[in-house]
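A.B. asks: In our numbering, the protein residues as written are 32 to 101.
Built from N, CA and C at the ideal position, the CB exists for glycine as well.
Encoded as structure tokens, here's the structure I'll be asking about.
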């Protein structure tokens, strides 16, 4: 359960970074045009990366048994 979800999020995060690496130039061309849609794409990309990587990192530390002090 927990480990499978953690691995799944890790693979999804890795896949997102892989896509960003492989399609770096087309992504840069599109996002550097400016304008509303280009700006929205940059913000959406940042949000997706933040959400997926953050969820993976949180679960990773939970699986290892490390918790933040409250």
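According to DSSP, is residue 98 helix, strand or coil?
C.D. replies: Residue 98: coil per DSSP, three-state reduction.
A.B. asks: Do residue 40 and residue 94 count as a contact pair if the criterion is CB distance below 8 Å?
C.D. replies: No, the pair does not count as a contact, with Cβ atoms beyond the cut-off.
A.B. asks: Relative to the C-alpha of residue 80, which residue among 61, 46, 100 and 69 is closest?
C.D. replies: That would be 46, whose Cα lies nearest to the Cα of residue 80.
A.B. asks: Taking the Cβ atom as the reference point for each residue, do residue 72 and residue 61 lie within a distance shorter than 8 Å?
C.D. replies: Cβ atoms of residue 72 and residue 61: closer than 8 Å.
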